[in-house]
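Quick notes on the structure that follows.
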Amino acid sequence: MPDFVSFNEFLDQTAAAKIDHHHELISQAISRLVRMGVAPPVPISDDVIEAEFTKMKNYVLGIYKHVTNVQRKHTFVGFDGSFHDCILHDQQPTYISAKNKGLNVSVTPPVPAAVAAGGAAAPQAMMAHANSVAPPLLQGFLDLFGTKIACPEDRVPMRRVTIARMARLGKFENYFRKPPNTPPLAGQFGSTEIHHHAVCAVTNSPNYYGCSTFLNVWQVNPAPGVFSLSQLWLEGTSTSGRIQTVESGWQTYPTLWGTAPALFVYYNPNGYDPSTSGYVQNQNNEGFILKPNSGWIVGGGLPGPYSTANGTQFGLNMQWQIDAGNNWWLYLGPNGQPVTPVGYFPAGLYQGTLANAATTLQFGGEVSSQDPGGANYPATGPMGSGIAPSGDTATDFRRVAFQKQISVQTTAQGTMVPAQLQVQSSAGDAGYRATQVSNSGSANWGSFMFFGGAHSA
Numbered sequence: 050m051p052d053f054v055s056f057n058e059f060l061d062q063t064a065a066a067k068i069d070h071h072h073e074l075i076s077q078a079i080s081r082l083v084r085m086g087v088a089p090p091v092p093i094s095d096d097v098i099e100a101e102f103t104k105m106k107n108y109v110l111g112i113y114k115h116v117t118n119v120q121r122k123h124t125f126v127g128f129d130g131s132f133h134d135c136i137l138h139d140q141q142p143t144y145i146s147a148k149n150k151g152l153n154v155s156v157t158p159p160v161p162a163a164v165a166a167g168g169a170a171a172p173q174a175m176m177a178h179a180n181s182v183a184p185p186l187l188q189g190f191l192d193l194f195g196t197k198i199a200c201p202e203d204r205v206p207m208r209r210v211t212i213a214r215m216a217r218l219g220k221f222e223n224y225f226r227k228p229p230n231t232p233p234l235a236g237q238f239g240s241t242e243i244h245h246h247a248v249c250a251v252t253n254s255p256n257y258y259g260c261s262t263f264l265n266v267w268q269v270n271p272a273p274g275v276f277s278l279s280q281l282w283l284e285g286t287s288t289s290g291r292i293q294t295v296e297s298g299w300q301t302y303p304t305l306w307g308t309a310p311a312l313f314v315y316y317n318p319n320g321y322d323p324s325t326s327g328y329v330q331n332q333n334n335e336g337f338i339l340k341p342n343s344g345w346i347v348g349g350g351l352p353g354p355y356s357t358a359n360g361t362q363f364g365l366n367m368q369w370q371i372d373a374g375n376n377w378w379l380y381l382g383p384n385g386q387p388v389t390p391v392g393y394f395p396a397g398l399y400q401g402t403l404a405n406a407a408t409t410l411q412f413g414g415e416v417s418s419q420d421p422g423g424a425n426y427p428a429t430g431p432m433g434s435g436i437a438p439s440g441d442t443a444t445d446f447r448r449v450a451f452q453k454q455i456s457v458q459t460t461a462q463g464t465m466v467p468a469q470l471q472v473q474s475s476a477g478d479a480g481y482r483a484t485q486v487s488n489s490g491s492a493n494w495g496s497f498m499f500f501g502g503a504h505s506a
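Numbering (my numbering), first residue to last: 50 to 506.
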């Protein structure tokens, strides 16, 4: 059992941290990046390692600069084994950053958009409702120290950012990169990373003001250098002509989150540039602002149970909607129940088409592995449940990862309607597959997709 470390003790330990305790971890991680081809093949000197350590240490101390009054009762250990601190809503780094930039942070979430349903029946084997992953902060769970896993009404949960957590990624900027590298930057030094998608796109409308989906959640076991996820993407183009996205879903990524599926939000305003992008927030603390009382932990492990092959399916509803003030709001909720607001990207963060609407939507899975074929990493990893869809929906249900009730909002503040899905595939994604049924007519399923597959895990 780990020792309990209070918030103030954590800050004191961080301020006193020395390079000695992190030198080997950073060195090993940078060596891996060199093997991958995403870092230049130059000698890794002590000066390089110390520079990365200093940036990490300064960043950690900086994001907590305005955080005060975190008492023992405000800290709990989450389902992924990491510490979470309940901080005052207006002390969030993203809140302070937005306020300092003159952005409006006194916003009220709009009423979630209605989702239209169909009429005909889905295959009988699929008629059962999937069970729900419940909002973890509302269940009365206790952590391993007997502390309630919950936050008071005026506070939000913030997964503790540590130097050790950042050091596992080698370079400071990699903490903000959607790992291990992103397609626009991959191959810069002859990259050997492998990156696969199995997705469906929606492109039949010029603008999308929101979307909704239900994702079933699986606990796969990728190697430390592999991440696997199920998510949605709202896409646009930045003022410099690069892709920008609003992203969320669940991700299993041992290097960053541990072995439990984690709920994530990713901020990408300009071409996945690690200086401006990041999970929840970027290097300048710009990003997603959490709303108190949502019951969810963004950037933390989801509590089980999870979906099992030939067994019960568990998942959650996820909805994005841009309001009249151009704030992008995230809503989450149990299956078949109303969604609740979790937080928002404030208007003004996205400069480009996403300032007003998305131009393309994508849904599905992604997997990426580092150092393929190396001693410590496989060539690829499991996506979804690890099983590729056969094309027979009745057979695939309870075996393959899915997203269902995929709906889109094509008019501002309008009703969400079943999406017209198009499978996106490429020769490089062999072994992974997506199938889709658009507007099935089933109230339980609507437009849906199955996706996934696996190479050696």
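For each residue, glycine too, the CB sits at the ideal point set by N, CA and C.
None of these values were measured; they are calculated from a predicted model.
Check, Outcome
"Any 3 or more C-beta pairs closer than 8 Å across the stretch 135–155 and the stretch 267–279", "no"
"Burial state of Met50, where buried means 16 or more other Cβ atoms lie within 10 Å", "exposed"
"Same chain, Cβ closer than 8 Å to Val109, five either side skipped, listed in chain order", "Thr63, Val210, Thr211, Ile212 and Met215"
"Euclidean distance between Cα positions of Gly360 and Arg447", "6 Å"
"Any 3 or more C-beta pairs closer than 8 Å across the stretch 281–299 and the stretch 394–401", "yes"
"Three-state secondary structure assigned by DSSP to Lys114", "coil"
"9 Å Cβ cutoff met for Asn528 and Asn331", "Because the chain here runs from 50 to 506, residue 528 falls outside it and cannot be looked at."
"Lys104 (DSSP reduced to helix, strand or coil)", "helix"
"Asn270 versus Pro352 - alpha carbon distance", "16 Å"
"Residue environment, Asp129, which counts as buried when at least 16 other CB atoms sit within 10 Å", "buried"
"Simplified DSSP state of Lys227, which is helix, strand or coil", "coil"
"Backbone CA spacing between Ser434 and Phe499 [nearest angstrom]", "10 Å"
"Stretch-stretch touch, CB-based, cutoff 8 Å, three pairs: the stretch 378–386 with the stretch 185–194", "no"
"At least 3 beta-carbon pairs within less than 8 Å: the stretch 444–461 vs the stretch 247–262", "yes"
"Residue span of the beta strand (DSSP E) that contains Gln454, given as start and end", "Ala450 to Gln458"
"CB of Phe363 within 9 Å of CB of Ala492, strictly", "no"
"C-alpha distance - Ile68 paired with Tyr380, whole-angstrom precision", "41 Å"
"Gln140 versus Lys340, Gly320, Glu73 and Ala165, residue with shortest Cα-Cα distance", "Lys340"
"Three CB pairs or more closer than 8 Å across the stretch 97–111 and the stretch 199–208", "no"
"Residues near Gln268 by beta carbon distance below 8 Å, same chain, minus five either side", "Thr301, Thr308, Ala309, Pro310, Gly353 and Tyr355"
"Any beta strand (DSSP E) of 3 or more consecutive residues that is wholly inside the stretch 119–205", "124–126 and 132–137"
"Nearest residue (CA-CA) to Val116, options Val329, Phe125 and Cys135", "Cys135"
"Distance between Phe221 and Gly440 (C-alpha atoms, nearest Å)", "43 Å"
"Spatial neighbours of Pro142 in its chain, beta-carbon cut-off 7 Å, leaving aside the 5 residues before and after", "Ile112, Gln330 and Asn334"
"Candidates Thr262, Pro318, Val160 and Asn265: closest to Ser289 by CA position", "Pro318"
"Cβ-based burial, His123 [other Cβ within 10 Å; buried from 16]", "buried"
"Alpha helix (DSSP H) segment containing Thr444, residue limits", "Thr442 to Asp445"
"Beta-carbon spacing of Ala165, Met465 below 9 Å", "yes"
"Heavy atom of the ligand MN within 8 Å of Leu365 beta-carbon", "The ligand MN is absent from the structure shown, which contains no ligand whatsoever."
"Tyr365 versus Asp95 - alpha carbon distance", "Looking at the sequence shown, residue 365 is not Tyr but Leu. Leu365 and Asp95: Cα-Cα distance of roughly 46 Å."
"Where Asp368 sits in the DSSP three-state scheme", "Here residue 368 is Gln; the residue named in the question, Asp, does not match the sequence. Reduced to three states, the DSSP call for Gln368 is strand."
"Expected contact under 8 Å - CB spacing of Ala78 and Leu264 to nearest Å", "With a Cβ gap of about 30 Å, Ala78 and Leu264 do not count as contacting."
"Among Gly480, Pro158 and Val126, the one whose alpha carbon lies nearest that of Pro185", "Val126"
"Residue interval of the alpha helix (DSSP H) (run including Met215)", "Ile212 to Ala216"
"With 16 other Cβ atoms within 10 Å as the buried cut-off, status of Asp52", "exposed"
"Beta-carbon proximity list for Leu234, same chain, < 6 Å, skipping 5 on both sides", "Residue confidence for Leu234 is low, a pLDDT of 38 falling below 50, so the modelled location carries little weight; the figure read from the coordinates is stated next. Once the five neighbours on either side are set aside, Leu234 has no close Cβ partner at all."
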